[in-house]
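Colleague: Quick one: this structure, given as structure tokens, is what I'll be asking you about.
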Amino acid sequence: MKTFQTVSEFNAYRTAIMDSTKDKKPCIVICGGTGGQASGSNDLIRIIKRRILEQNLHDKLSLRVTGCLGFCEMDPFIIVEPGYNLYPKLKMEDVPRIIDAAVKGEVVEELLYREPGSTVKRFSQQEIPFFQGQTRIVLGQNQNLDPIRIYDYLRMGGYAALEQALGKPDHEWIVHEILRAGLRGRGGAGFLTGKKWELARNAGGSGRKYIICNADEGDPGAYMDRSMLEGNPHAIIEGMIIAALAIKATHGIIYVRTEYPLAIKHATIAMRQARSLGLLGRNILGQGIDFDIEIFQGAGAFVCGEETALIKSIEGKMGEPRQRPPYPIAKGLFGHPTCINNVETLANVPYIVNHGAEAYAGIGVENNTGTKIFSLVGKIKNTGLVEVPLGTPISKVVHEIGGGPVGNAKIKAIQTGGPSGGCIPASMFDLPIDYNSLAKAGSIMGSGGMIVMDMNTCMVDVAKYFMSFLKEESCGKCFTCRKGTQRMYELLEDITLGRGTPEHLTLLEELAQTVKDTTMCGLGQSSPNPVLSTLRYFREEYERHINDKRCDAFVCKQLTGAPCQAACPVDTEPWRYVALVEKGDYEGAYRVIRSANPFPAVSARVCDRKCESRCSLGAGGGEAVAIRALKRFVTDRVEPSVYRPEPAEDKGRKVAVIGAGPAGITAAHQLSLLGYRITVFEAEKIPGGMLTCSLPAYRLPRDIVEKEIEGLMNKNISIEYGRALGKDVTIQSLLSQGFEAVFLAMGAHESLRLGLENEDVEGIFPSIEFLKDFNMRGKELARGHVGVIGGGNSAVDAARIALRQKEVTGVTLFYRRTRDEMPAHEEEIEAALEEGVRIETLVSPIKVHAGEGRLAGIECVKNRLGGIDASGRPTPVPIPGSEFTVNLDTLVVAIGERPGSGPLASMGLEVDKGGRVKADRNTLETSTKGVFAGGDLVTGPNTVIDAVASGKKAAHIIGRFLSGQPLVEPARPKLPGVYIEPAVFEESGEAPPRAVPASLPVSERVMNFREVESALTEEQARTESRRCLRCDLEFTMQQPAEKTAGAAIGGVRHD
Amino acid sequence: MINLTINGLAVSVEKGSTVLEAAQFLGFPIPTLCHHEGLTPYGACRLCVVEIGEGPGARLVSSCTYPVEEGLKVRTASERVVRARKMIIELLLASCPQSKVIQDLASAHGVRTQRFRQEYEDCILCGLCVRMCSEQMMAGAIGFRGRGTERSIGTPFDVQSDVCRFCGGCMHICPACQLRCTYNQPEKAICNACANLAPPCIEKEQYGDMMCYMNPCVACEIK
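Note that the protein sequences, when read in sequence, are chains B and G. Just so we're aligned, residue 1235 is where the first sequence starts under the working numbering, counting upward by one. Just so we're aligned, residue 5 is where the second sequence starts under the working numbering, counting upward by one.
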């Protein structure tokens, strides 16, 4: 390589390279960065090279091994230029096909990128939403160059900025240019780089002056600095040389962690190349300027990213921050003025010099110009590096570029700024990402880590994780940082172990504030941020851990126990009966089920299976154990008489229960066992509530309900039918008749209205009325073409019932979002479709057409999906001009139900806007003493199992109320307590799939109400039960006593 | 001379002095623990924090390391300062309840309870001994190792130091272990810092050995 002595010589060389190598042959681009290599790109590179050699493709194809391209989720992937066809997640055997196609200028369509779950192929990189949403002025260069070839960098205009900078005799203009560009330090604090350079330029005399590139990237999950240094080291070197010219620095140092070997290697090679071209070292391009860069490898202490600690570390001392002032600009490395800039800051400098300050300032928003690279990680589809203009809303990064949540769980928050950053809740995702907004929200930009968290992330656990990181990584000099982080960790650990008390929270807050206030360096001052920001936005989660001993994300083991049990509203121990089924002890299994749940056979058919959604087997990527099917197997096979608790001796005290639905009957049954005399008042002629009036018989046969309720009756319970609250009895009359407590459980039996004109004409029915008339009285209201509006279970039920009515010719269901958002159970929707129900999605009714006082049809408008709303679902947005009319003979409105609580308000109870009775969450007490409420009446439409749970709880609390005890007991985590010997069996090769119970074929079920699903066979059940991972054993096995530290709180009084 | 206000009082002090020196010179009491007049300020214990600046920009800094600046507004006992100081003392008490110095501090600041898990450590890592050893005794036998919760004081690689002259300066200056040195049972006292040489020490064959197996505390722990 020739060492150039003048700027013009270099310019001639540079332009020659830029002009000469406009290569037209296809090029395969592959990431050879650390991330790519870890995902196996080395194998692919080897295959590509071999094939090029073997088939002599040198003239037809080129290969470029680049640094990180950002789309790490899809690694290892290949981009074929010039078409920019992106082939994600490649296997070795796919590569030859791609090479062959690339040589011919063709595309291997089936290997092209498509969004997860979508069939639309993206032919070009630019069409991919992940890349589309970004502005990659810095990161984008990585794709065009091989980091160890300076020619690649020169070809794309590299070192033009340096040439320009060297071209003018006085270099102060650079400082002004950077200042005008508004570039702020990308390391986290966001100090104006131009300002820093101005101070540095004016600092000290003509002695030594340092420019340090801070590449000590230590945030867990952040790797943009590494990727820059690996993928484009020349940009950073160029930025450093320009900075050196601007501030008159004599020495440059790249401070990089030893654990970034590839970055060190690439930077070293790049420096050697720059030196040999005369761009670095003595007398740069003959301009009489001496400046060289060396690499200093840090040992990987997080605190050494702090500038004063970094300086100490280079000086060979312990990496401890010191008090500023004096700032390093005045007194830095070895006492000389030192300017420290982040990798990304320096990488932005050549762009600013090349394109001008105005062009740069045009990107981003005022006071926050330019782009920022974020490493987007966590529970998100597209993990990777993302470069967006500052001021981009978080939602764009998370939902558009990031592709949204990775599973079904909704995104809850993002954590920005690394361990000392903070969490921002999903409700604030409109927030623009810039230094000021993030700081206001209690977080920091930091170096750009962005961790996405969903509903399966426990915020207390997150805070604990970061605190454990910080307590290890605090330098330990400041007492409050060292001890403070340790104590905060202890307090958080207590909370996650179920030992938390309200005092923990007070102390935690006080301590966090003190640590923030009293520590010296940036690390210490921001170390309580994880605690403070989670407390600010997720305090309820902390309180849930402390007061209810529950971790709703199922993360904290000591609060969760076996997930299936923790998920069950009625505290059934699924692990236990599954284990008993495996042993063949079906009666024992029934007893386990029945002791927790008075409605086992009903639940075995209609429970929404919260247990299965939390099953560890499902969470680990497999299929959950078919717990409900096993319950069905047990309840079908065992006579309920094996568990029939005897009521206690009559205490002679009366309790009234209003409503004979699952909540009311459960409460009555449980209270009767305690020896109270219960009178149930039911408005209808038969018991069961929603079980009989709403649920179709093909899902829940009537005899099952009748038999189950019959079994719950005993001498202490009497039911008075046809007696409605408000009409026949009042709360006051009950209380005056000697009932000492009243439990209100009338459910939610009023359908919501569309709020359209003509809604009351003949032929339109609220879903509840439609279902009740059929299920309880056998009246068939539907005829002709039936429309159903809604997407919930009752809409699907109504549609399927309508389909079975004699005068119906067809049924269409209208829903305003897409099928993915329909709240109804997937298998119900599937069954409805099989039976012939048509489903029209993205449609909303806007008008009801009536003729002669009767429904004639509805006018609808088509929707498209808009932005994500607070419920985590996309909002339907009407498309103007897309209106259309549908002729209908019957319309069932099933857009939701509300409690019919009109009469209750007049009896002095507090009722909210949705008709829900206000009752304390913990004690179920209403605003009237002695009156309790539960079930759908309080929650609005909810599941059967939640109603049963509410009835169970009501009975417990009313029992305590009547015996004069405090209503609530301190919560305790519900952990498995019974040891059942795990099954021993030969594992035969492949794991068996989840058992699926047989169901009636469509032809046999569509015109009748025979139960669709049947029970598992005994063999199926036994096999299925063996799939259980037995999470309970962790808690019930005899374990050597672990040494556990005492509670973090308690202390000692010193007076 | 630098002009600044301390607790509303306009004062002027010599350039290069610290806020702590200025305040102490003027008679405003600021508690300290890791500070010693004969040693360079270190700023580890954070007990000497004062509030500087005004409005939303107000912040706490350790007065022992903060140099006086022209126009600086210092408050040595604002509510924020007092709250922070009390929490620091509570933390100290939770770690080293047996230290006389810490007990006195707690007493003087009305801290009567500590709410954390009680620890009984011998060292608060204030670094007085380290600075004493290198700055006054010119030995540099001991120093800090590790970081975070692993941070401790000792000789390199825990090998008895060649440069240690067993001067006892480290023990003399240690604020955490005084009570231990004298203890409430004088016969158990083990070092000469309290001038209370008791038989158990003398009976040791090599008296000097006792001081430099500094694990975990340089001052007095012998294991």
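We put the CB at the ideal spot given by N, CA and C, even for glycine. As the structure is a computational prediction, the values presented were derived from the model and not from experiment.
(1) Here's the rule: buried if 16 or more other CB atoms are within 10 angstroms of the residue's CB, otherwise exposed. What is Tyr-1811 (chain B)?
(2) Select from B:Gly-1625, B:Val-1337, B:Pro-1623 and B:Glu-1634 the residue whose C-alpha is nearest the C-alpha of Asn-1616 (chain B).
(3) By the DSSP assignment, the alpha helix (DSSP H) with Glu-1428 (chain B) in it spans what residues?
(4) Going along the chain, which unbroken runs of the beta strand (DSSP E) with 3 or more residues stay wholly within the region 91-149 of chain G?
(5) Measuring alpha carbon to alpha carbon, tell me which residue in B:Val-1490, B:Ala-1423, B:Ile-1412 and B:Leu-2125 is nearest Glu-1592 (chain B).
(6) Pairing CB atoms from the region 1676-1690 of chain B with CB atoms from the region 1653-1662 of chain B, are three or more of them under 8 Å?
(7) Under DSSP, the alpha helix (DSSP H) around Cys-1261 (chain B) begins and ends at which residues?
(8) If we cut at 8 Å on Cβ distances, does Gln-1557 (chain B) have a partner in chain G?
(9) List, in order along the chain, the chain G residues whose C-beta lies closer than 9 Å to that of Phe-1713 (chain B)?
(10) Quick one: what's got a C-beta closer than 7 Å to Ala-1336 (chain B)'s C-beta in the same chain, skipping five residues either side?
(11) Roughly how many whole angstroms lie between the Cα atoms of Glu-1243 (chain B) and Leu-1396 (chain B)?
(12) Can you tell me whether Met-2271 (chain B) is helix, strand or coil according to DSSP?
(13) If you measure beta-carbon to beta-carbon, which residues of the region 1695-1708 of chain B are closer than 9 Å to chain G?
(14) Determine which residues share a DSSP beta bridge with Pro-1874 (chain B) and list them.
(15) For the alpha helix (DSSP H) holding Thr-1268 (chain B), just list the boundary residues, first then last.
(16) Count the other C-beta atoms from every protein chain shown that fall within 10 angstroms of the C-beta of Lys-2187 (chain B), then say buried if there are 16 or more, exposed otherwise.
(17) DSSP three-state label for Thr-2173 (chain B), please.
(18) If you count every other CB in all the chains shown that lies within 10 Å of the CB of Trp-1431 (chain B), and 16 or more means buried, which is it?
(19) In whole angstroms, what is the alpha-carbon distance linking Leu-1946 (chain B) and Glu-1724 (chain B)?
(20) Quick check on the burial criterion: 16 or more other C-beta atoms within 10 angstroms. Buried or exposed for Gln-1375 (chain B)?
(21) Residues in its own chain within less than 7 Å of Asn-2156 (chain B) by CB, not counting five upstream and five downstream?
(22) Say the cut is 7 Å; is the CB of Gln-1971 (chain B) nearer than that to a heavy atom of the ligand NAP?
(23) For Gly-1550 (chain B), is the classification buried or exposed, using 16 other Cβ atoms within 10 angstroms of its Cβ as the cut-off for buried?
(24) Determine contact between the region 1442-1458 of chain B and the region 1559-1570 of chain B, defined as no fewer than three beta-carbon pairs at a distance below 8 Å.
(25) DSSP three-state label for Ala-2058 (chain B), please.
(26) So, at 6 Å on beta carbons, what are the nonlocal neighbours of Ser-2233 (chain B) in its own chain, with the 5 sequence-adjacent residues on each side left out?
(27) Closer than 8 Å, Cβ to Cβ, to anything on chain G: give me those residues from the region 1913-1939 of chain B, in chain order.
(28) Name the residue from G:Ser-111, G:Thr-44, G:Leu-109 and G:Ser-16 whose alpha carbon lies nearest to the alpha carbon of Gly-131 (chain G).
(29) List the endpoints of the continuous alpha helix (DSSP H) containing Lys-1338 (chain B).
(30) Against Gln-1720 (chain B), what residues of chain G qualify as contacts under a CB-to-CB distance less than 7 Å, listed in chain order?
(31) Check this for me: beta carbons of Ala-1975 (chain B) and Gly-2164 (chain B), under 8 Å apart or not?
(32) Note down the Cα distance separating His-113 (chain G) from Gln-1368 (chain B), rounded to an integer number of angstroms.
(33) Is the shortest distance between the beta-carbon of Asn-7 (chain G) and the beta-carbons of chain B less than 8 Å?
(34) Whole-angstrom Cβ separation of Glu-1343 (chain B) and Lys-1355 (chain B), contact assumed at under 8 Å?
(35) Does any residue of chain G bring its CB to less than 8 Å from the CB of Gly-1419 (chain B)?
(36) Within its chain, find whatever has a CB closer than 7 Å to the CB of Ala-1796 (chain B); leave out the 5 residues flanking it on each side and keep chain order.
Modeller: Working from what's here:
(1) The sequence position of residue 1811 (chain B) within the first sequence is 577, counting from 1. By the 10 Å Cβ count, Tyr-1811 (chain B) comes out buried.
(2) Mapped onto the first sequence, residue 1616 (chain B) falls at position 382. Taking only the C-alpha atoms, the option nearest Asn-1616 (chain B) is B:Glu-1634.
(3) Stepping through the first sequence from its first residue, residue 1428 (chain B) is reached at position 194. It should be noted that the sequence gives Gly, not Glu, for residue 1428 (chain B). Where Gly-1428 (chain B) is concerned, the enclosing alpha helix (DSSP H) stretches over 1427-1436.
(4) 117-120 and 147-149
(5) Numbered from 1 along the first sequence, position 358 holds the residue referred to as residue 1592 (chain B). Among B:Val-1490, B:Ala-1423, B:Ile-1412 and B:Leu-2125, the Cα nearest to that of Glu-1592 (chain B) belongs to B:Ile-1412.
(6) yes
(7) Against the first sequence, residue 1261 (chain B) aligns to sequence position 27. Where Cys-1261 (chain B) is concerned, there is no enclosing alpha helix (DSSP H), although the beta strand (DSSP E) it sits in stretches over 1261-1265.
(8) Taking the first residue of the first sequence as 1, we reach residue 1557 (chain B) at position 323. Interface residue, yes.
(9) Here residue 1713 (chain B) is taken as the residue at index 479 of the first sequence, counted from 1. Per Cβ cutoff of 9 Å: Leu-37, Cys-38, Ala-48, Cys-49, Arg-50, Leu-51, Ile-92, Leu-95, Leu-96, Ser-99, Ile-128, Leu-129 and Cys-130.
(10) As a first step, residue 1336 (chain B) must be located in the first sequence, where it is residue number 102. The residues are Pro-1260, Ile-1262, Leu-1295 and Val-1314.
(11) Here residue 1243 (chain B) is taken as the residue at index 9 of the first sequence, counted from 1. Here residue 1396 (chain B) is taken as the residue at index 162 of the first sequence, counted from 1. One C-alpha to the other measures close to 14 Å.
(12) As a first step, residue 2271 (chain B) must be located in the first sequence, where it is residue number 1037. Met-2271 (chain B) falls in the coil class under three-state DSSP.
(13) Leu-1704, Lys-1705, Glu-1706, Glu-1707 and Ser-1708
(14) Here residue 1874 (chain B) refers to the residue found at position 640 of the first sequence. DSSP, once it has assigned bridges, lists no residue as partnering Pro-1874 (chain B).
(15) Start at 1 with the first residue of the first sequence, and residue 1268 (chain B) comes out as number 34. 1268-1272 is the extent of the alpha helix (DSSP H) around Thr-1268 (chain B).
(16) Locating residue 2187 (chain B) in the first sequence gives position 953, where the first residue counts as 1. With 16 or more other Cβ atoms within 10 Å, it is buried.
(17) Taking the first sequence and counting its residues from 1, one reaches residue 2173 (chain B) at position 939. Of the three classes helix, strand and coil, the one that applies to Thr-2173 (chain B) here is helix, per DSSP.
(18) What you label residue 1431 (chain B) is simply residue 197 of the first sequence in a count that begins at 1. Under this definition Trp-1431 (chain B) is a buried residue.
(19) Indexing the first sequence from 1 puts residue 1946 (chain B) at position 712. Indexing the first sequence from 1 puts residue 1724 (chain B) at position 490. Answer to the nearest angstrom: the Cα atoms are 48 Å apart.
(20) Locating residue 1375 (chain B) in the first sequence gives position 141, counting from the first residue. Answer is buried; the Cβ neighbour count reaches 16.
(21) Position 922 of the first sequence, counted from the start, is the residue given in the question as residue 2156 (chain B). Within the same chain, Asn-2156 (chain B) has close Cβ partners Val-2202.
(22) By its list of ligands, the structure shown contains no ligand whatsoever, and the ligand NAP lies outside what it can speak to.
(23) Looking up residue 1550 (chain B) in the first sequence gives position 316. Its Cβ having fewer than 16 others within 10 Å, Gly-1550 (chain B) is exposed.
(24) yes
(25) Reading the first sequence from its first residue, position 824 is the one you call residue 2058 (chain B). If DSSP states are grouped into helix, strand and coil, Ala-2058 (chain B) belongs with coil.
(26) Looking up residue 2233 (chain B) in the first sequence gives position 999. Excluding residues within five positions, the ones whose Cβ falls inside 6 Å are Val-2246 and Glu-2247.
(27) none
(28) Within the second sequence, numbered from 1, the residue matching residue 131 (chain G) stands at position 127. When only C-alpha atoms are compared, the closest one is G:Thr-44.
(29) Stepping through the first sequence from its first residue, residue 1338 (chain B) is reached at position 104. From DSSP, the alpha helix (DSSP H) with Lys-1338 (chain B) extends over 1329-1338.
(30) Taking the first residue of the first sequence as position 1, residue 1720 (chain B) is located at position 486. Neighbours of Gln-1720 (chain B) on chain G, chain order: Thr-153.
(31) By one-based count along the first sequence, residue 1975 (chain B) stands at place 741. By one-based count along the first sequence, residue 2164 (chain B) stands at place 930. Yes, these two residues count as a Cβ contact at 8 Å.
(32) For the purposes of this step, residue 113 (chain G) is taken as the residue at position 109 of the second sequence. For the purposes of this step, residue 1368 (chain B) is taken as the residue at position 134 of the first sequence. Answer to the nearest angstrom: the Cα atoms are 56 Å apart.
(33) Here residue 7 (chain G) is taken as the residue at index 3 of the second sequence, counted from 1. Answer no: the Cβ-Cβ gap between Asn-7 (chain G) and chain B never drops below 8 Å.
(34) Stepping through the first sequence from its first residue, residue 1343 (chain B) is reached at position 109. Stepping through the first sequence from its first residue, residue 1355 (chain B) is reached at position 121. At roughly 6 Å, the Cβ-Cβ gap stays under 8 Å, so Glu-1343 (chain B) and Lys-1355 (chain B) are in contact.
(35) By 1-based counting over the first sequence, the position of residue 1419 (chain B) is 185. Answer no: the Cβ-Cβ gap between Gly-1419 (chain B) and chain G never drops below 8 Å.
(36) Reading the first sequence from its first residue, position 562 is the one you call residue 1796 (chain B). For Ala-1796 (chain B), where only same-chain residues beyond five positions count, the Cβ hits under 7 Å are Trp-1809, Pro-2210, Cys-2265 and Asp-2266.
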